[in-house]
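With UniProt numbering, letter number 48 in the sequence shown gets 48, and the count goes up by one each step, no holes. No residue lacks a Cβ here, since even glycine has one placed at the ideal position from N, Cα and C. Below: one structure, written as structure tokens.
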Amino acid sequence: MEQLERLSSIARRRIIPANHYIFRDGDEAISFAAVNSGVVKLIKTTSEGERHVIGLVYAPEFLGHTFAETHKFSAAAATDVDICTFPRQAFNRLLLEYPDMQRWLFEFTVQELDVTREWTLMLGRKSSYERVASLLLIIARRTRNAGAQPVHENCAEFELPLTRSELADYLGLTLETVSRKVSQLKQQGLIELRSTRDVVVPNVELLAEAASMYEHRESAKAAKVAAFPA
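Given below as structure tokens:
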């Protein structure tokens, strides 16, 4: 309880409108943030000036790294975002005082690496159909884990945090391929589209079968993220 009170004392709440940057690649990393609600997209810009979406951050995940002097990527609000920021130096002092927080942060970092490895494997070995289904499944699960709806329900409803063009870039596919696969999933009854970005998944388990993914992986990650030391 004491460490949570200390953490709250250095926190600053910020509301970031959709499409606004939170920080940019190369900026000094003066703070570390926890996402309370909304979705943040991580962006890397190449030396040629091309922007690529490299990740998504949902509640209750963290944004930034506590020991980096500068940010290695940009972060922008994909939707309206509510975050709590913590001054990096003050946060690091708390880590030294409370070993439980150090251990928790280490476990979270390991989970991030595991997710990155699985994503790399998916891009290399899955078909374009499975890639699109997998990404929609991941977004559905993370939306549920963020508290948008009861996790025991076998359905999901969410707003896509990325445009079709950004989805294609994220998946390493063409825009035309993504559109075809989304239409195929819709025709098969695995998803419903209420608009171009409002998606309903009637049966999460059936979508998982189409994506060749298993429920326990994302659930295990969500459980560890939620287990902040008391």
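Check: Other residues of its chain near T70: CB distance less than 8 Å, five sequence neighbours each side excluded; Outcome: G26, D27, E28, A29
Check: Nonlocal neighbours in the same chain, by C-beta distance under 7 Å from residue 232, ignoring five residues either side; Outcome: There is simply no residue 232 to check, as the chain begins at 1 and stops at 230 in what is shown.
Check: First through last residue of the beta strand (DSSP E) which encompasses R12; Outcome: 12-16
Check: Beta-carbon proximity of P78 to P17, cut-off 8 Å; Outcome: Per the sequence presented here, residue 78 reads as Ala, with Pro not at that position. Taking 8 Å as the Cβ cut-off, A78 and P17 do not qualify as a contacting pair.
Check: Rounded separation between V182 and N92 - CA only; Outcome: 44 Å
Check: Proximal residues to A76 (C-beta, below 8 Å), its chain only, five neighbours per side dropped; Outcome: N19, H20, Y21, I22, V40, K41, I43
Check: V81 and G38 closer than 8 Å at C-beta; Outcome: yes
Check: Residues sharing a beta bridge with L51, DSSP; Outcome: Note on identity: in this sequence residue 51 is Arg, with Leu being the wrong assignment. According to DSSP, R51 bridges with T45.
Check: Straight-line Cα distance separating L63 from A133; Outcome: 26 Å
Check: Limits of the alpha helix (DSSP H) - the one that N92 falls within; Outcome: 88-97
Check: In chain order, each alpha helix (DSSP H) run of at least 4 residues that lies wholly inside the UniProt domain "HTH crp-type" (126-205); Outcome: 128-145, 164-171, 175-187
Check: Beta-carbon proximity list for S212, same chain, < 6 Å, skipping 5 on both sides; Outcome: E130
Check: Extent of the continuous beta strand (DSSP E) to which I22 belongs; Outcome: 21-23
Check: Buried/exposed call for F106, threshold 16 Cβ in 10 Å; Outcome: exposed
Check: Integer-rounded CB distance, given that L206 should sit under 8 Å from L185; Outcome: 10 Å between Cβ atoms; not a contact.
Check: Start and end residues, beta strand (DSSP E) containing S212; Outcome: No beta strand (DSSP E) holds S212; DSSP gives it neither H nor E.
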